[in-house]
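In the working numbering, the protein residues as written are 22 to 260.
The structure is reproduced here in structure tokens:
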């Protein structure tokens, strides 16, 4: 009779439990997160960021030195969503200062927004500088009147301001009327123009209907006056 001695039973290898990434996908969790204050959600995100950074460091150490770091890192946890309207409110420094903790991804977003605003202001200032240089009358370039000599015709700044909103009739550009505008600009009839699209403030401009009664309407000037006004008008729009 042959007898066999049973050896120790070999157990199958134990499979590690399936790891489920930490997410906020269940309705219950989403509801709970929505009920949290913005300050609490920001604080939780700070904690999540710190734990994720520790996971990333552990994953790096495991990949580069598995002998000393045999355990790999768990999956990265997802960040709690901060709505765009809430992010925009954090752009106000006094409001941002109310919160005890602000996560790095919010600070990075705020820095990016600030940089974009600086670049936009720089572009706007450049365009405004070019426009001002092209349109504004340089008062330092005014010439004193010398009796017996031909007076240089200059354009007052209010003419440029007015031309930005309405058309200026040709009779305004005769030599006589341009000199009158230059000498009496502070007392001329003006009106408040409506703001341009995208702007919040209007501008004070010449009241063209009232001044037309003084300077003359279109087609009312003589041939000699036209020969003065036309070149002056061309030079004004070119300046």
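Note that beta-carbon positions come from the ideal geometry of N, C-alpha and C, so glycine has one too.
As the structure is a prediction and not an experimental result, all values here were calculated from the model.
Identified DSSP bridge partners for residue i
i	result
residue 141	Paired residues: none, contrary to the question.
residue 61	DSSP output for residue 61 lists no bridge partner at all.
residue 213	225
Cβ-based burial, residue i [other Cβ within 10 Å; buried from 16]
i	result
residue 176	buried
residue 81	exposed
residue 57	exposed
Where residue i falls: helix, strand or coil (DSSP)
i	result
residue 240	coil
residue 111	coil
residue 47	coil
residue 229	helix
residue 176	coil
residue 185	coil
residue 245	helix
Nearest-angstrom Cα separation, counted from residue j out to residue i
i	j	result
residue 227	residue 199	13 Å
residue 117	residue 124	12 Å
residue 128	residue 86	33 Å
residue 231	residue 137	45 Å
residue 237	residue 245	14 Å
residue 62	residue 229	59 Å
residue 83	residue 68	23 Å
residue 92	residue 72	16 Å
residue 154	residue 204	Reliability fails at residue 154, whose pLDDT of 49 lies under 50, so the model's placement of it is uncertain and the value that follows must be treated cautiously. Whole-angstrom Cα-Cα distance: 23 Å.
residue 165	residue 187	Confidence in residue 165 is poor, its pLDDT being 49 and thus under 50, which makes the residue's placement too unreliable to answer from.
7 Å Cβ cutoff, residue i in contact with chain C
i	result
residue 121	Going by chain labels, chain C is absent from the structure shown, which holds only one protein chain.
C-beta contact flag for residue i and residue j at 7 Å
i	j	result
residue 250	residue 180	no
residue 65	residue 101	yes
residue 112	residue 94	no
residue 189	residue 253	no
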